[in-house]
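Trainee: Numbering (UniProt numbering), first residue to last: 1 to 169. Got a structure here, written out as structure tokens. Questions coming.
As structure tokens, this is what we get:
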């Protein structure tokens, strides 16, 4: 439980734990509900408009992303969520969860870029950029998307470590 709390704190901007400079961030332990929740996400349709179901899936998705075993698995879960968002009318998915997912994806990319994980970093940052347009009008990072595009282009070219983390909700 302490390990999970530390990762949640870190994922939400806390400073729990210290890593050696240049070392890769640890991957959190794997979730126990991965397959059932991924199955729900994969079968999601816009007609599944029950508010409690949307909120439940969003809550489980958050845990899946936080508890993924590898970056590849986390990217897969986030990509599935993006496909769900693309198929829903605007405002159907909980706004705060979209903002959390977008900022988590972008910030994970920034973190990986700082640790020299170029390809993984670019994949996460790209996913964040794809999710940003789905964030609500009141999202704090909305006016900064141009800056994030610039940082992404620099990362694409193998540029300096990105220093632009996005503030979440």
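Glycine included, every Cβ here is placed at the ideal spot set by N, Cα and C.
How long is the line joining the alpha carbons of residue 115 and residue 85, rounded to whole angstroms?
Mentor: Taking the straight line joining both Cα atoms gives about 30 Å.
Trainee: For residue 90, does the three-state DSSP call read helix, strand or coil?
Mentor: Note: residue 90 maps to coil in three-state DSSP.
Trainee: Please go through the same chain and pick out, in chain order, the residues whose beta-carbon is closer than 8 Å to the beta-carbon of residue 135, but skip the five residues on each side of it.
Mentor: Closer than 8 Å at Cβ, skipping near neighbours: 95, 98, 99, 102, 141, 142.
Trainee: Am I right that residue 105 and residue 131 are in contact with their C-beta atoms under 8 Å? What's the rounded C-beta distance?
Mentor: Right, the Cβ-Cβ distance comes to about 6 Å (below 8 Å), so this counts as a contact.
Trainee: Judging by CA-CA distance, which residue of 138, 126, 111, 108 is the nearest neighbour of residue 150?
Mentor: The candidate whose alpha carbon is nearest that of residue 150 is 126.
Trainee: Looking at C-alpha atoms only, which residue of 74, 137, 129 is the closest neighbour of residue 153?
Mentor: Measuring from the Cα of residue 153, the nearest candidate turns out to be 129.
Trainee: For residue 156, which residues of its own chain have a beta-carbon under 7 Å away from its beta-carbon, when the five flanking residues on both sides are left out?
Mentor: Same-chain partners within the cutoff: 122.
Trainee: What is the rounded straight-line gap between the Cα of residue 93 and the Cα of residue 133?
Mentor: Their Cα atoms are separated by approximately 13 Å.
Trainee: Can you name the start and end residues of the alpha helix (DSSP H) that residue 123 belongs to?
Mentor: Where residue 123 is concerned, the enclosing alpha helix (DSSP H) stretches over 118 to 131.
Trainee: What three-state label does DSSP hand residue 156 in the structure shown?
Mentor: Residue 156: helix per DSSP, three-state reduction.
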